[in-house]
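Asker: For the record, the sequence lines run as chains A and B. Read in order, the letters of the first sequence correspond to residues 3 to 240 in this note's numbering. Read in order, the letters of the second sequence correspond to residues 30 to 296 in this note's numbering. Backbone N, C-alpha and C fix where the C-beta goes; we use that ideal spot for every residue, glycine too. Predicted model, so just to flag it, every value in this text is computed and none were measured.
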Amino acid sequence: MEISERELRAMVAGIDDQHRAAMDTFGEDSRALIFETGPSRRKFLAGLGLGSAALVIGSAAMPVGRLVPRAWSQTTPSDGDIATFAASVEYAAVAAYQAAAKSGKIKNKAILDAATAFAGQHQQHGDAFKAAGTNPNVAANKGVLDMVTPQLTAAKTENDVVALAYGLENAAAATYIFALGVLANEKAYNAVASVMPVEAQHAVALGLVLGKPLDEKGFLPSFETKDGALDPAKFPAA
Amino acid sequence: MDFSKDELRRQLRDLDAEHREVMPKWRDSVMRLLVDDKETSTEAKADVLLGGFNRRRFMRLSGLAAVGGAVLAACGSDNKKSAGGAASETSATTATTAAAGGNKTDQTIARTAASLEIFAVAVYDKAIMNAAALKISDPIAKAAVLFKSQHDEHAKAFNAAAVQLGGQPYNEPNPTAAKAFEAQIAALKTEQDVLKFAFALEQIAAQTYQGVGMKLSTPMLRQTAMTVGGVEARHMAILGHFIQPPMAVPEKAFQPIEKAVDSTFYV
Numbered sequence: 003m004e005i006s007e008r009e010l011r012a013m014v015a016g017i018d019d020q021h022r023a024a025m026d027t028f029g030e031d032s033r034a035l036i037f038e039t040g041p042s043r044r045k046f047l048a049g050l051g052l053g054s055a056a057l058v059i060g061s062a063a064m065p066v067g068r069l070v071p072r073a074w075s076q077t078t079p080s081d082g083d084i085a086t087f088a089a090s091v092e093y094a095a096v097a098a099y100q101a102a103a104k105s106g107k108i109k110n111k112a113i114l115d116a117a118t119a120f121a122g123q124h125q126q127h128g129d130a131f132k133a134a135g136t137n138p139n140v141a142a143n144k145g146v147l148d149m150v151t152p153q154l155t156a157a158k159t160e161n162d163v164v165a166l167a168y169g170l171e172n173a174a175a176a177t178y179i180f181a182l183g184v185l186a187n188e189k190a191y192n193a194v195a196s197v198m199p200v201e202a203q204h205a206v207a208l209g210l211v212l213g214k215p216l217d218e219k220g221f222l223p224s225f226e227t228k229d230g231a232l233d234p235a236k237f238p239a240a
Numbered sequence: 030m031d032f033s034k035d036e037l038r039r040q041l042r043d044l045d046a047e048h049r050e051v052m053p054k055w056r057d058s059v060m061r062l063l064v065d066d067k068e069t070s071t072e073a074k075a076d077v078l079l080g081g082f083n084r085r086r087f088m089r090l091s092g093l094a095a096v097g098g099a100v101l102a103a104c105g106s107d108n109k110k111s112a113g114g115a116a117s118e119t120s121a122t123t124a125t126t127a128a129a130g131g132n133k134t135d136q137t138i139a140r141t142a143a144s145l146e147i148f149a150v151a152v153y154d155k156a157i158m159n160a161a162a163l164k165i166s167d168p169i170a171k172a173a174v175l176f177k178s179q180h181d182e183h184a185k186a187f188n189a190a191a192v193q194l195g196g197q198p199y200n201e202p203n204p205t206a207a208k209a210f211e212a213q214i215a216a217l218k219t220e221q222d223v224l225k226f227a228f229a230l231e232q233i234a235a236q237t238y239q240g241v242g243m244k245l246s247t248p249m250l251r252q253t254a255m256t257v258g259g260v261e262a263r264h265m266a267i268l269g270h271f272i273q274p275p276m277a278v279p280e281k282a283f284q285p286i287e288k289a290v291d292s293t294f295y296v
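Given below as structure tokens:
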């Protein structure tokens, strides 16, 4: 080693100075990156992180951003708040499947059985999320029901109903992908991560009924996306 | 040499500790900006990261690169090339990569995921190449081609993540999986055999990405893993549809992780 102790100390000190100069603004810069340009926890609920994506369930497309309590956009929600929101979405799915089953528009017994099974699984998801959430009285998400119910009423064929459910399942899967990017708590992660693949499989089962080609966008993407995620800011949990 | 090695080690250790404390936050911020943020223009992103060569930004980038190099050297990293070259490099890429090298577990999981995906590619490739002998029908063959291409995309994504995290890519099929399933693969004789084996493979992958979640250091990485895990679950549902008799997928309301691979599969 052909450097002196003084040179070495100077090098180390120089590196340290550079490091500290970078770190002085690191917190500020990170906050800017996370809270001003990224899908932060706050933005998840404020609806800003979803940009101009549109929620498409059945034939209805609306700008995302009508699903959470307005107050959440003013505060940073907890994992429990997010779990409550997820519970409201699940209970809305239960209500939608039950209404579909009662509508008489599903004639095929296998599809009816699937709808009943899926409703039961959504009920379990809702109960699990409710247990992890902040509101033990959480109800079906009104924003989702307001969007789904008129379409269900207007549905003319079995396929129309299945298409509605297909959109709802894909929207739920996308919502949970989005949530996974902000949840920090292990319990919340485990709940959402174990539910998301199940909703994706519901979507596939319904897509197969609809005869979707494998390469259709949204049916079998290479990566799950947040496109079409339900925005809690626009679909507030009750 | 008359300087105190102990003192030098102490200083480097302090730098290393500070570095390791902030790097997960930095990595998360960069990934949010580059991967997740669709609103900010590319130019604006470039400005945030590169921002022209004003003093503050230059110091930030060169500082990170130099510190990264020092940490690698101090830690006796396996990555000799990076350790030796980092001190003289000041590019943004080097800065980001070196800065992101804080969590070995994240790197290992990303590499292992890539290796599992490459193993899946090899399995589907074998089925496609032997489609006639295995009497694989056209719709199944087309699905296999699509699934293979998607697993290839997953492998590339995980390897890109491994590199971004400061690790090395892994470009071979997972050796533990290859050995564990060698006999089963050799025994595949019919289309149904292939479908059932592929289903099991996708199930392992889907549960693995769910299972490693809390081992990963940031929500962003967990989200990334599950963007792939969800697709493997979709593969399962499609394969289950073709299996005779058709399998009920999903069978349970919550995906378990009992079939996830354990650390013996790590590469």
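Can you find a C-beta in chain A that's less than 7 Å from the C-beta of threonine 256 (chain B)?
Answerer: yes
Asker: Which same chain residues end up closer than 8 Å to isoleucine 179 (chain A) when comparing Cβ atoms and leaving out the 5 residues on each side of it in sequence?
Answerer: Met198, Glu226, Thr227, Lys228, Ala231
Asker: Taking its Cβ as the centre, do 16 or more other Cβ atoms sit within 10 Å of glutamine 273 (chain B), making it buried, or is it exposed?
Answerer: So glutamine 273 (chain B) ends up on the exposed side.
Asker: For methionine 255 (chain B), count neighbouring C-beta atoms within 10 Å of its own C-beta (all shown protein chains included) and say buried if the count is 16 or more, exposed if not.
Answerer: Methionine 255 (chain B) should be labelled buried.
Asker: Would alanine 175 (chain A) and alanine 202 (chain A) be called neighbours here (beta carbons separated by less than 7 Å)?
Answerer: yes
Asker: Phenylalanine 294 (chain B) and asparagine 188 (chain B): beta carbons closer than 7 Å?
Answerer: At least 7 Å separates the beta-carbon of phenylalanine 294 (chain B) from that of asparagine 188 (chain B).
Asker: Hey, could you find the ends of the alpha helix (DSSP H) lysine 177 (chain B) is sitting in?
Answerer: 167 to 193
Asker: Rank A:Ser224, A:Asp233, A:Pro238, A:Val206 by C-alpha distance to the C-alpha of leucine 268 (chain B) and give the top, closest one.
Answerer: A:Val206
Asker: Name, going along the chain, the residues of the stretch 175 to 199 of chain B whose beta-carbon falls closer than 7 Å to a beta-carbon of chain A.
Answerer: Leu175, Gln179, Glu182
Asker: Report the rounded CA-to-CA distance for valine 223 (chain B) versus arginine 263 (chain B), giving the unit in angstroms.
Answerer: 17 Å
Asker: Measuring from the CB of alanine 191 (chain B), is there a heavy atom of the ligand PLP at a distance below 6 Å?
Answerer: Ligands displayed in this structure: none; no statement on the ligand PLP is therefore possible.
Asker: So that I know if they touch, is there some Cβ in chain A lying closer than 7 Å to that of phenylalanine 226 (chain B)?
Answerer: no
Asker: Could you please tell me which residues of the stretch 117 to 130 of chain A, in chain order, have their CB closer than 7 Å to any CB of chain B?
Answerer: Gln123, Gln126, His127
Asker: Quick check on DSSP: helix, strand or coil for phenylalanine 144 (chain B)?
Answerer: The question names phenylalanine, but residue 144 (chain B) is serine in the sequence shown. The answer is helix: DSSP assigns serine 144 (chain B) an H, G or I state.
Asker: In the structure shown, what three-state DSSP assignment does lysine 225 (chain B) receive?
Answerer: helix
Asker: Considering just the uninterrupted stretch of the alpha helix (DSSP H) at phenylalanine 246 (chain A), what are its terminal residues?
Answerer: It is not possible to answer for residue 246 (chain A), since the shown part of chain A is limited to 3 through 240.
Asker: Alpha carbon to alpha carbon, how far is isoleucine 157 (chain B) from serine 166 (chain B)? Give it in angstroms, no decimals.
Answerer: 10 Å
Asker: Excluding the 5 residues preceding and the 5 following lysine 109 (chain B) in the sequence, name in chain order all residues of the same chain whose CB lies nearer than 7 Å to its CB.
Answerer: Unreliable placement is indicated for lysine 109 (chain B), whose pLDDT of 34 sits below 50; the coordinate value is still reported in the next sentence. So no residue of the chain qualifies.
Asker: What residues in the stretch 266 to 284 of chain B have a beta carbon less than 7 Å from any beta carbon of chain A?
Answerer: Contacts with chain A (Cβ-Cβ distance below 7 Å) from the stretch 266 to 284 of chain B involve Ala266, Ile267, His270, Val278, Pro279, Ala282, Phe283, Gln284, listed in chain order.
Asker: With a threshold of 16 other CB atoms inside 10 Å of the CB of glutamate 220 (chain B), please say whether the residue is buried or exposed.
Answerer: Burial call: buried.
Asker: So, using beta-carbon positions, are histidine 124 (chain A) and glutamate 92 (chain A) closer together than 7 Å?
Answerer: Cβ distance < 7 Å, so histidine 124 (chain A) and glutamate 92 (chain A) count as in contact.
Asker: At the 7 Å Cβ level, is alanine 170 (chain B) part of the contact set with chain A, yes or no?
Answerer: no
Asker: Any contact between the stretch 143 to 152 of chain B and the stretch 199 to 214 of chain B? By contact I mean 3 or more CB pairs, one from each, below 8 Å.
Answerer: By the Cβ rule, the stretch 143 to 152 of chain B counts as touching the stretch 199 to 214 of chain B, because three or more pairs are nearer than 8 Å.
Asker: Are the beta-carbon atoms belonging to alanine 101 (chain A) and leucine 170 (chain A) less than 7 Å from one another?
Answerer: no
Asker: Can you pull the chain A residues whose beta carbon is under 8 Å from the beta carbon of alanine 151 (chain B), in chain order?
Answerer: Neighbours of alanine 151 (chain B) on chain A: none; closest Cβ ~18 Å, over 8 Å.
Asker: Please report the Cβ distance between alanine 89 (chain A) and glycine 128 (chain A), rounded to the nearest whole angstrom; I am assuming they are in contact, meaning their Cβ atoms lie under 8 Å.
Answerer: 5 Å
Asker: Using the beta-carbon count (16 or more within 10 Å), is glutamate 188 (chain A) buried or exposed?
Answerer: exposed
Asker: Pop quiz: methionine 265 (chain B) and phenylalanine 228 (chain B) are said to be a contact at Cβ under 8 Å. What is the actual Cβ separation, rounded to whole angstroms?
Answerer: 6 Å
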